[in-house]
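Just so you know, we're using the working numbering here: the sequence shown kicks off at 96 and counts up by one.
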Amino acid sequence: MLFLIEYETMKNINITRRSILKIAGFSTAAIALLPRMAFAARNSLRSVRTGVQPGNKTRLVIETALRPSYSLSYPAGQLIVTLPNTAANTSLSPKLASGTLAKSISQAQSGDQLQIIVDLRQSISNIPKSNIMILEPNGDNDYRLVLDFVAGQNASSSQNTTANTIAAATTSAKKYVIVIDAGHGGKDPGCIGKNGTKEKTVVLATAKKLKNKLDAAGFKTYMTRSDDTYLKLADRAEIAEKRKADLFLSLHANANPSRSMKGFSIYTLSEKASDEEAKKLAESENAADRIGVEGFSEFEANIRSALSSLQQHAVAEMSEEYANGCSRTFRNAKIEAQPGPGVRHAPFAVLRSAVPGALIELGHLSNASEEKLLASSSHQDKLVNAIVKSIKNYNFDV
Ligand SMILES: [Zn+2]
96 MLFLIEYETM
106 KNINITRRSI
116 LKIAGFSTAA
126 IALLPRMAFA
136 ARNSLRSVRT
146 GVQPGNKTRL
156 VIETALRPSY
166 SLSYPAGQLI
176 VTLPNTAANT
186 SLSPKLASGT
196 LAKSISQAQS
206 GDQLQIIVDL
216 RQSISNIPKS
226 NIMILEPNGD
236 NDYRLVLDFV
246 AGQNASSSQN
256 TTANTIAAAT
266 TSAKKYVIVI
276 DAGHGGKDPG
286 CIGKNGTKEK
296 TVVLATAKKL
306 KNKLDAAGFK
316 TYMTRSDDTY
326 LKLADRAEIA
336 EKRKADLFLS
346 LHANANPSRS
356 MKGFSIYTLS
366 EKASDEEAKK
376 LAESENAADR
386 IGVEGFSEFE
396 ANIRSALSSL
406 QQHAVAEMSE
416 EYANGCSRTF
426 RNAKIEAQPG
436 PGVRHAPFAV
446 LRSAVPGALI
456 ELGHLSNASE
466 EKLLASSSHQ
476 DKLVNAIVKS
486 IKNYNFDV
């Protein structure tokens, strides 16, 4: 029975959030390489991919080792991106999503100048600056030049399209769905501070504040629990999938045998824990399900088999990108960090899904001063503001 119900769930999972998840098929690169000249380009091409964006926009992502400079030209039926001082990548297959304006993509090297030639199904007008971004490296990604474009008509109507596109982009936060998971609940208190502060209470209060702020910022949010109820880890993950979340955040507070240990830490899912402490933490957070009757192994098995390795990779990559940004935002907000790496990895059951996400340990309830902080509304606000900022900074689409 369990299998059938969850198979139904799996079918409904919509894994089309970002270009890498939108790949319908691979296209072999038509590489038009001129005889390679003796030169030493500083930059190099890493990857090229396309995706579909809301508003029927085609997104072209050109990933390079260093920050790219570029110029654009628009011969009939083509878009040419010229990258000076850049070496081609002859082993590269552009990843072309279906349903975009890009028919094929080739590279042409001339001296130390590389041209990315996109053959289009329809001509396009000049891409406005507002539809071009250069993204900093994060996670596994290097620099990315991102271009969004639509099929062009005449100049004036394409201006209108552009205006609409910009309007849509500025309100795009509305479209993104965030599922907020307050850890533990009900019969499972989570960890408990010396003064009796319970993890389940602190994280629920913080989660509610986060929901209010994100709603106000135009995101669509859902909570896995909004009161003091017990919920299995697999159910939490399933809510994220049913809601077709773009991001899943599980909020927790930590406890350490050493009462002097302080600070927040951020985790993403991996089969192998990044260190012994991360492993122990995952074991203790996963133990929440032992309080329940059923385990999550069947659910887990189905999820894993239904996700291709490419999708798993994409989810992991996006989670990592969010977690890195979140860690940076927390540090910038002067929230004390637990010593060690910015982002750690461990096999957390609650993160096992098709939704990118992270588990945030907001601080240590086992530390007396942090217990006081975590219980205070003003510190919860500080944490929430940092999380909201990290979500606003997160690029949902690349
Ligand atoms: Zn916890």
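We put the CB at the ideal spot given by N, CA and C, even for glycine. Being a predicted model, the structure only gives us computed values, none of them experimental.
Query, Result
"Nearest to alanine 449 by alpha carbon, out of Ser379, Ser461, Ala411 and Glu416?", "Ala411"
"Indicate the three-state DSSP secondary structure (helix, strand or coil) for lysine 198 in the structure shown.", "strand"
"Which residues end up in the neighbourhood of ligand 1 when you take C-beta atoms closer than 6 Å to any of its heavy atoms?", "Gly278, His279, Gly285, Glu294, His347 and Glu380"
"Span of the alpha helix (DSSP H) holding aspartate 330?", "328–337"
"State the start and end residues of the unbroken alpha helix (DSSP H) segment that holds alanine 302.", "294–311"
"Look at tyrosine 417 and tyrosine 489 and say whether their C-beta atoms are less than 7 Å apart.", "yes"
"If you draw a straight line from the alpha carbon of leucine 230 to that of leucine 346, how long is it in whole angstroms?", "28 Å"
"Under DSSP, the beta strand (DSSP E) around lysine 152 begins and ends at which residues?", "152–159"
"Rounded to a whole number of angstroms, what is the C-alpha to C-alpha distance between leucine 478 and glutamine 406?", "31 Å"
"Should the stretch 356–373 be called in touch with the stretch 439–457, which here means at least 3 C-beta pairs below 8 Å?", "yes"
"Please report the residue range of the alpha helix (DSSP H) in which serine 379 lies.", "371–381"
"With three or more beta-carbon pairs closer than 8 Å as the criterion, would you say the stretch 364–380 touches the stretch 330–339?", "no"
"Could you tell me which whole alpha helix (DSSP H) segments of length 4 or greater appear in the stretch 407–477?", "463–470"
"To the nearest angstrom, report how far apart glutamate 465 and arginine 447 are at their CA atoms.", "29 Å"
"In this structure, how does DSSP classify aspartate 276 when only helix, strand and coil are distinguished?", "strand"
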